[in-house]
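Visitor: Residue numbering for the sequence shown follows our numbering, starting at 5 and increasing by one per position.
One structure follows; several queries about it will come next.
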Amino acid sequence: MSQEYSDSVDLVNAGTVAYLSGAVLIAALTAVLAQFSIDLPGGVPFSFQPFGVFFAGVLLGPIWGGFSMLLYLLVGIAGAPVFSNGTAGVGIVLGPTGGFLISYVFAAAAIGLVAHRSLDPVGVDDLPAVGVTAGLVVGSAIIYAIGVPWFAEVQGWTLPRAAGFMAPFAVGDAVKIAITVGIVAGGNELLERP
């Protein structure tokens, strides 16, 4: 005796599935962007990874943005070659750039919190450019606040020496912030056209 049931059971709501999918996609995007990097003297590569962090927070909000970067970090620790120049493993996270990698989780969450002004994400079209910019600046500050002392400790440098070494990277990050704000604003404009 077989019975057909027309009622379906939703184990997970559609919003959760969408954000989980977005988190996985942005973690993968961050892995791809990490491969576009230039090794510089001193052990810190110039990388496009921060774009992934920025988009995680802006597009997914604080919880899912932070989760996306945690996923990226854990996949790299597990051995997938997702870090800069195809590197992976615990050794990378414990090395000079490990603080930057760990900071991505906190930076994405902070970017999302400032830009969305809530733990719950809102539509990107509802995000003011000022809020997005402020979120990206706060996120960048967190990346440096965690990454620079970690770098100094691992390298055996003083904090002022490490900060001086990292200062030129701030210029590149300011450009990345401007590009990210432009992409978000431009994307909104395209979506609003009839």
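Built from N, CA and C at the ideal position, the CB exists for glycine as well.
State the beta-bridge partners of Ser144 as determined by DSSP.
Guide: Translated into positions along the sequence shown, residue 144 becomes position 140. Among the bridge pairs identified by DSSP, Ser144 is matched with none.
Visitor: Taking Phe71 as the reference, give the member of Leu29, Trp154, Gly83 and Phe173 with the closest Cα.
Guide: As a working note, residue 71 is residue 67 in the sequence shown. The shortest C-alpha separation from Phe71 is found at Leu29.
Visitor: Beta carbon of Leu123, beta carbon of Ile67: below 8 Å?
Guide: By one-based count along the sequence shown, residue 123 stands at place 119. By one-based count along the sequence shown, residue 67 stands at place 63. Yes, Cβ-Cβ distance for Leu123 and Ile67 is below 8 Å.
Visitor: Give every residue of the same chain whose Cβ lies closer than 8 Å to the Cβ of Leu77, excluding the five residues on either side of it in the sequence, and list them in chain order.
Guide: Indexing the sequence shown from 1 puts residue 77 at position 73. Val97, Leu105, Ile106, Tyr108 and Val109, listed in sequence order.
Visitor: Can you tell me whether DSSP reads Val51 as helix, strand or coil?
Guide: One-based indexing of the sequence shown puts residue 51 at position 47. Residue identity differs from the one stated: residue 51 is Ser in this sequence, not Val. The answer is strand: DSSP assigns Ser51 an E or B state.
Visitor: Using three-state DSSP, classify Ser122 as helix, strand or coil.
Guide: Your numbering for residue 122 matches position 118 in the sequence shown. If DSSP states are grouped into helix, strand and coil, Ser122 belongs with coil.
Visitor: Where do the N-terminal and C-terminal ends of the alpha helix (DSSP H) with Ala27 fall, by residue?
Guide: On the sequence shown, residue 27 is found 23 positions in, with the first residue counted as 1. From DSSP, the alpha helix (DSSP H) with Ala27 extends over Ala18 to Ala38.
Visitor: With burial defined as no fewer than 16 other Cβ atoms inside 10 Å of the residue's Cβ, what is the status of Thr34: buried or exposed?
Guide: Position 30 of the sequence shown, counted from the start, is the residue given in the question as residue 34. Burial call: buried.
Visitor: With DSSP run on the structure shown, which of helix, strand or coil describes Thr91?
Guide: For the purposes of this step, residue 91 is identified with residue 87 of the sequence shown, where counting begins at 1. Here Thr91 sits in strand by DSSP.
Visitor: Assuming the contact rule is C-beta atoms closer than 8 Å, Leu140 and Phe59 should be a hit. Round their C-beta distance to whole Å, please.
Guide: If you number the sequence shown from 1, residue 140 lands on position 136. If you number the sequence shown from 1, residue 59 lands on position 55. In this structure, Leu140 and Phe59 do not form a Cβ contact; the two beta carbons are roughly 10 Å apart against a cut-off of 8 Å.
Visitor: Taking 7 Å as the limit between beta carbons, can you name the residues of its chain near Gly69, skipping five residues before and five after?
Guide: Mapped onto the sequence shown, residue 69 falls at position 65. Taken in chain order, the residues that qualify are Ala60, Gly61, Ala112, Ala113, Ile115 and Gly116.
Visitor: Report the CB separation of Gly103 from Phe155 in whole angstroms; it is logged as a contact under 8 Å.
Guide: Along the sequence shown, read from residue 1 onward, the residue named residue 103 stands at position 99. Along the sequence shown, read from residue 1 onward, the residue named residue 155 stands at position 151. With a Cβ gap of about 6 Å, Gly103 and Phe155 count as contacting.
Visitor: Give me, in chain order, the residues of the same chain whose beta-carbon lies closer than 6 Å to that of Gly135; leave out the 5 immediate sequence neighbours on both sides.
Guide: Numbered from its first residue, the sequence shown carries residue 135 at position 131. Excluding its 5 nearest sequence neighbours in each direction, Gly135 has C-beta neighbours in its own chain below 6 Å: Ala119, listed in chain order.
Visitor: Of the residues Ala32, Gly19 and Val48, which one's Cα is nearest the Cα of Met170?
Guide: The residue given as residue 170 occupies position 166 in the sequence shown. The shortest Cα separation from Met170 among Ala32, Gly19 and Val48 belongs to Val48.
Visitor: Buried or exposed for Pro125, going by 16 or more other Cβ atoms inside 10 Å?
Guide: What you label residue 125 is simply residue 121 of the sequence shown in a count that begins at 1. When all chains shown are included, Pro125 counts as buried.
Visitor: If contacts are defined as beta-carbon pairs under 8 Å, then Leu37 and Phe55 qualify, I think. What distance do you get, rounded to the angstrom?
Guide: On the sequence shown, residue 37 is found 33 positions in, with the first residue counted as 1. On the sequence shown, residue 55 is found 51 positions in, with the first residue counted as 1. At roughly 5 Å, the Cβ-Cβ gap stays under 8 Å, so Leu37 and Phe55 are in contact.
Visitor: With a floor of 4 residues, list each alpha helix (DSSP H) that falls wholly inside the stretch 152-197, ordered by position along the chain.
Guide: 163-196
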